[in-house]
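For the record, in the sequence shown the residue sitting at position 95 is 95 according to our numbering, with numbers rising by one throughout.
Below: the structure, in structure tokens.
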Amino acid sequence: MRMPYLIAAILVAAAAPASGSGKAPARWATGTPLIGEAVARTQWDMAENRTQCGPLALLSDGGVRGKARPAAFGGGWAVAFDLPGVRSAYGFAGTGLLPQDAQASGWQRERLMQQWPHMRDLNALPGPAFAGYGVVGAEPYPADNRAGKGLHSLAYMRIEGQRCTYNVWSRISRAHLETLLDNLRLLR
């Protein structure tokens, strides 16, 4: 038996779509779970919005290595990451659903552009996917701290095919929030 062929066959089988789902599972080719995946799947499985707001996990957290834990998020699900001395230093959530969440992507983009000082397209997610972000309260980053170091950065994020407006946050920096946004992956 040729071992490299067997390993390749296992990796191909692991990457194949689950029976009937039509989508490949969100795992590395090596089978390693994404960051926060186990907590996200558990929380999502219990959430009221689970049929319309798919779970997320991180390909990378920028090397911060927080400890993932479930977080309360009314009607939805959330994963918070704690650091020594900083509870909920960063994380992501699938929010409870609002009537406006049923609007089309173009309407959602316009809403976020009007609300938030910064916008970002998220090409690693099913598109169109985008986020509006800034400091909590939809505020811009202050002139003396445009990097947002130590501020509570928050993003509202939309993914095509999902009804909820996701929340993504970082109390570390603006660059860290942007890293999280670029590394989120939709599970299923």
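Just so it is clear, CB atoms sit at the ideal spot from N, CA and C, and this is done for glycine as well.
Span separating the alpha-carbon of residue 54 from that of residue 40:
Here the question's residue 54 lines up with position 54 in the sequence shown. Here the question's residue 40 lines up with position 40 in the sequence shown. Going by the C-alpha atoms only, they are around 10 Å apart.
Identify whether residue 60 lies in helix, strand or coil by the three-state DSSP scheme.
Counted from its first residue, the sequence shown places residue 60 at position 60. Note: residue 60 maps to coil in three-state DSSP.
Assigned exposure category for residue 49 - 16 Cβ within 10 Å defines buried:
The residue labelled residue 49 in the question sits at position 49 within the sequence shown. Label assigned to residue 49: buried.
At least three beta-carbon pairs within less than 8 Å, the segment 147-159 to the segment 103-115:
yes
State the start and end residues of the unbroken alpha helix (DSSP H) segment that holds residue 144.
Residue numbering aside, residue 144 sits at position 144 when the sequence shown is read from its first letter. Residue 144 -> no alpha helix (DSSP H), and no H or E assigned at all.
Starting from residue 171, trace the alpha helix (DSSP H) in both directions and tell me its first and last residue.
In the sequence shown, residue 171 corresponds to position 171, counting from 1. From DSSP, residue 171 is part of no alpha helix (DSSP H); its letter is neither H nor E.
Name the DSSP bridge partner or partners of residue 154?
Stepping through the sequence shown from its first residue, residue 154 is reached at position 154. According to DSSP, which records beta bridges pairwise, residue 154 is partnered with 134 and 169.
Starting from residue 186, follow the beta strand (DSSP E) in both directions and report where the run begins and ends.
Residue mapping note: residue 186 aligns to position 186 of the sequence shown, counting from 1. Note, residue 186: beta strand (DSSP E), 184-186.
Should residue 147 be labelled buried (16 or more other beta-carbon atoms within 10 Å of its own) or exposed?
The residue given as residue 147 occupies position 147 in the sequence shown. Answer is exposed; the Cβ neighbour count stays below 16.
Please say whether residue 82 and residue 66 have beta carbons closer to each other than 7 Å?
Stepping through the sequence shown from its first residue, residue 66 is reached at position 66. Stepping through the sequence shown from its first residue, residue 82 is reached at position 82. Yes, the pair counts as a contact, with Cβ atoms nearer than the cut-off.
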